[in-house]
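Everything on this sheet refers to the single structure shown next.
Residue numbers (our numbering), protein chains in the order written: chain U, 401 to 821; chain S, 79 to 381.
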């Protein structure tokens with residue numbers, strides 16, 4: 401049959417259109433760019449780390465694995481949202497980093513039970529970060545490193561202003577005010593005034609919690625409103641840096657002297673040390689009230705296996721190899737690029753970089769004052785609380801009535817998750 | 079076979095060319111829409127194939143939800159700012175450019191160019207360069223020359239300076255586009271009307287504008303207003319990029335699409351509740367648009 405030009409063009413147009421349709425969303429990382437291992441192809445997703453060298457490092461680890469062809473995808477942007485959506489489809493990752501998994505992800509069966517991988521090594525994992533990965537007695541992700549948030553302060557600026565490192569929330573309010581000048585603000589808690597970065601830490605500093613161990617609301621107490629009211633005071637005093645080009649998770653504002661104190665992550669410690677030498681110290685969020693104690697959140701990205709993976713067993717084998725057997729890689733990942741505490745207690749104990757100065761203080765605070773967010777503190781509860789905190793800080797909303805409304809919402813959310821379990 | 083190749087079987091060729099795109103429309107628009115309506119009747123946390131039917135619970139909880147109703151208020155406030163300001167500015171630009179005897183094409187291009195810029199890029203420039211809250215932001219530098227304190231444009235709610243940032247970025251981006259629509263409308267007005275008005279003694283300026291130009295631009299004005307309101311409903315990019323932080327989005331100035339994005343696709347992954355919100359929003363947009371079109375008499379035959 402002779403094919404006319406019209407037929408050819410018509411077929412071509414159809415083919416191109418279908419090609420376009422099928423191409424949409426097909427980049428799963430399962431094809432191309434693999435490590436070259438002999439076994440099945442595994443797609444492994446990481447969120448984009450800011451520290452140079454991390455991406456190359458994880459690709460190097462993947463390339464060293466010989467039993468599967470592991471293809472690493474480095475995903476910038478809203479990683480948590482990306483993975484949450486990808487887990488609903490067959491085109492998601494096989495293994496992936498997760499800032500969780502959340503209770504709903506576990507209960508909907510989106511992640512695979514990894515308990516068996518911890519045989520004989522469970523006690524070597526930091527219990528504070530293993531607990532939120534555990535539900536129903538099973539472990540759903542392998543903690544990769546321990547991360548924490550803490551308060552950085554500039555020693556020389558405090559000395560110049562005659563201010564000592566604050567030991568209570570009241571002292572923090574006073575110190576921030578005393579340190580504020582025309583060009584330098586006293587404290588940076590994030591461009592939202594601390595609602596997101598501090599989250600529930602002030603509740604723990606007041607001796608309370610987000611959700612108690614027996615699954616009840618942990619802040620139905622006047623001490624909560626009192627502590628949150630002090631964050632409003634910081635804002636009302638104009639002691640807070642707001643509108644910085646880089647948000648709280650980046651130490652730029654602190655090292656560029658836009659602020660004398662900043663709430664930031666342990667990951668920023670090498671960058672701060674490089675810029676300021678020893679002219680800085682770290683603290684937990686100071687205690688509030690007689691029942692309070694200094695507090696800081698510790699958490700961990702975990703490595704999980706997607707329940708939709710076609711190669712679940714191979715994926716588990718890979719994770720066992722990478723995050724349980726390869727101590728050298730784990731230490732390299734934690735300390736050679738950014739700055740994190742290894743999730744394995746044995747590795748954390750012998751890491752030389754964690755033994756002196758501010759790093760040693762941070763490690764000590766993580767065990768003495770660290771808390772981790774329980775699984776029952778669901779995203780819906782977190783959003784309701786953060787919205788209320790934002791209104792308290794920025795709009796001067798009444799802390800008691802705002803918290804009353806949050807307690808109601810969190811109680812309803814806890815009822816929902818209990819009903820389903 | 080010959081009948082496939084000939085012109086006589088137009089139906090076949092219609093489907094060959096239209097079919098793939100119709101298929102795409104069905105697959106990527108209508109099926110997700112129908113699925114979303116389906117999901118809205120289920121408790122669908124982290125799943126698109128739920129089995130826990132909850133009837134209208136998602137709808138009632140969405141309607142009782144302060145965050146959703148606040149987002150509708152945000153939309154109303156935003157529309158109240160952006161619709162009249164864009165309308166007036168683009169009309170003013172069109173009138174100015176239309177009167178130019180020289181370099182009209184140049185000024186038309188200059189005012190239209192921002193429309194080619196992405197909302198995300200413009201929002202980032204506004205946020206990081208012009209309206210950042212520290213001493214080296216452009217706005218703060220200029221105000222600093224007059225001794226003013228640093229203003230955290232996007233972080234203060236009292237006064238709500240963030241509206242200034244949100245409205246100006248959108249004005250900059252879209253005034254040029256609507257200017258082109260008005261220009262097209264202006265150029266369709268017959269010069270004889272102005273001549274007749276001049277003969278009748280109408281004073282150039284406000285009187286001619288009010289009695290000749292604006293009535294002649296009625297159809298364009300109605301279309302521009304409708305488009306502006308629909309665009310305001312769809313506001314997402316600049317709000318999200320200006321106000322969201324690494325820890326989330328503040329409760330103030332959260333338009334409906336941003337709220338639904340966080341509910342359905344954010345970490346909350348409450349696809350049932352998010353879908354109910356999307357259905358409610360679609361209904362509201364439909365009612366407002368139809369009401370507005372009827373009020374303006376869109377589609378009614380000219381007398």
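Idealized CB from N, CA, C, for every residue including glycine.
These figures come from a predicted structure and were not determined experimentally.
Closest residue to residue i among the options (Cα-Cα distance)
i, options, result
"residue 201(S)", "372(S), 318(S), 299(S)", "318(S)"
"residue 133(S)", "273(S), 143(S), 122(S)", "122(S)"
"residue 497(U)", "489(U), 545(U), 491(U), 536(U)", "545(U)"
"residue 204(S)", "252(S), 97(S), 136(S), 247(S)", "247(S)"
"residue 734(U)", "442(U), 457(U), 439(U), 660(U)", "457(U)"
"residue 315(S)", "197(S), 276(S), 233(S), 168(S)", "197(S)"
"residue 369(S)", "239(S), 143(S), 303(S)", "303(S)"
"residue 229(S)", "241(S), 213(S), 105(S)", "213(S)"
"residue 809(U)", "242(S), 226(S), 143(S), 337(S)", "143(S)"
"residue 657(U)", "710(U), 571(U), 715(U), 558(U)", "558(U)"
"residue 707(U)", "438(U), 459(U), 506(U), 467(U)", "506(U)"
"residue 332(S)", "130(S), 167(S), 149(S)", "149(S)"
"residue 587(U)", "566(U), 562(U), 756(U), 576(U)", "576(U)"
"residue 703(U)", "655(U), 687(U), 721(U)", "721(U)"
"residue 796(U)", "153(S), 330(S), 120(S)", "330(S)"
"residue 802(U)", "785(U), 816(U), 818(U)", "785(U)"
Interface flag, residue i vs chain U, CB-CB below 9 Å
i, result
"residue 211(S)", "yes"
"residue 230(S)", "yes"
"residue 348(S)", "yes"
"residue 126(S)", "yes"
"residue 340(S)", "yes"
"residue 345(S)", "yes"
"residue 352(S)", "no"
"residue 323(S)", "yes"
"residue 233(S)", "yes"
Nonlocal neighbours in the same chain, by C-beta distance under 6 Å from residue i, ignoring five residues either side
i, result
"residue 267(S)", "294"
"residue 619(U)", "603, 608"
"residue 451(U)", "737, 738"
"residue 781(U)", "810, 813"
"residue 701(U)", "497, 499, 544"
"residue 691(U)", "607"
Chain S contact for residue i (CB, 9 Å cutoff)
i, result
"residue 822(U)", "Since the first residue of chain U shown is 401 and the last is 821, residue 822(U) is not available in this structure."
"residue 678(U)", "no"
"residue 801(U)", "no"
"residue 508(U)", "yes"
"residue 432(U)", "Low confidence applies here, because residue 432(U) scores a pLDDT of 41, under 50, leaving its location unreliable and the question unanswered by this model."
"residue 815(U)", "no"
"residue 648(U)", "yes"
"residue 505(U)", "yes"
"residue 787(U)", "yes"
"residue 783(U)", "yes"
"residue 639(U)", "no"
"residue 632(U)", "no"
"residue 791(U)", "yes"
"residue 597(U)", "yes"
Close beta carbons around residue i, own chain, < 8 Å, minus the five adjacent residues each side
i, result
"residue 190(S)", "254, 255, 257, 258"
"residue 147(S)", "141"
"residue 217(S)", "208, 209, 229, 231"
"residue 178(S)", "185"
"residue 509(U)", "707"
"residue 234(S)", "240"
Close Cβ partners of residue i (< 7 Å) along its chain, the five nearest in sequence each way excluded
i, result
"residue 591(U)", "642, 643, 644, 647"
"residue 243(S)", "204, 209, 231, 232, 320"
(Q) Which complete beta strand (DSSP E) runs does the region 640–684 of chain U hold, if anything under 3 residues is left out? (A) 659–665, 680–683
Q: Return the chain-ordered ranges of every alpha helix (DSSP H) run that is complete within the region 463–492 of chain U and spans a minimum of 4 residues.
A: 479–486
Q.
As an exercise, report each continuous alpha helix (DSSP H) stretch of at least 4 residues that is fully enclosed by the region 548–576 of chain U, in chain order.
A. 555–560
Q: Starting from the N-terminal side, write out each stretch of the alpha helix (DSSP H) that is 4 residues or longer and does not extend beyond the region 734–812 of chain U.
A: 745–750, 757–768, 779–795
Q.
Is it the case that the region 761–777 of chain U contacts the region 677–685 of chain U, given that we only count it when at least three CB pairs across the two stretches are under 8 Å?
A. yes
**Q.** Contact between the region 347–362 of chain S and the region 110–124 of chain S (3+ Cβ pairs under 8 Å)
**A.** Contact holds: three or more Cβ-Cβ distances are below 8 Å.
(Q) Quick check for students: name the residue ranges of the beta strand (DSSP E) that lie wholly in the region 581–648 of chain U, counting only runs of 3 or more. (A) Segments of the beta strand (DSSP E) lying fully in the region 581–648 of chain U: 585–588.
Q: For the region 491–505 of chain U and the region 682–697 of chain U, state whether three or more C-beta atom pairs, one from each stretch, are separated by less than 8 Å.
A: no
Q. Given 8 Å as the limit, is there contact between the region 160–167 of chain S and the region 531–549 of chain U, that is, 3 or more CB pairs closer than that?
A. Note that the region 160–167 of chain S does not touch the region 531–549 of chain U; fewer than 3 beta-carbon pairs, one per stretch, sit closer than 8 Å.
(Q) For a minimum of 4 consecutive residues, which ranges assigned as the alpha helix (DSSP H) are wholly contained in the region 246–291 of chain S? (A) 269–277
Q) Is the region 338–355 of chain S close to the region 470–485 of chain U, with three or more CB pairs under 8 Å? A) yes
Q: Evaluate contact between the region 767–783 of chain U and the region 576–592 of chain U, counting only Cβ atoms and requiring at least three cross-stretch pairs below 8 Å.
A: no
**Q.** Near-chain B residues of the region 477–489 of chain U - C-beta to any C-beta below 7 Å
**A.** Going by chain labels, chain B is absent from the structure shown, which instead holds the protein chains U and S.
Q) Using 8 Å as the threshold, is the region 627–639 of chain U in touch with the region 655–671 of chain U, meaning 3 or more CB pairs across them? A) no
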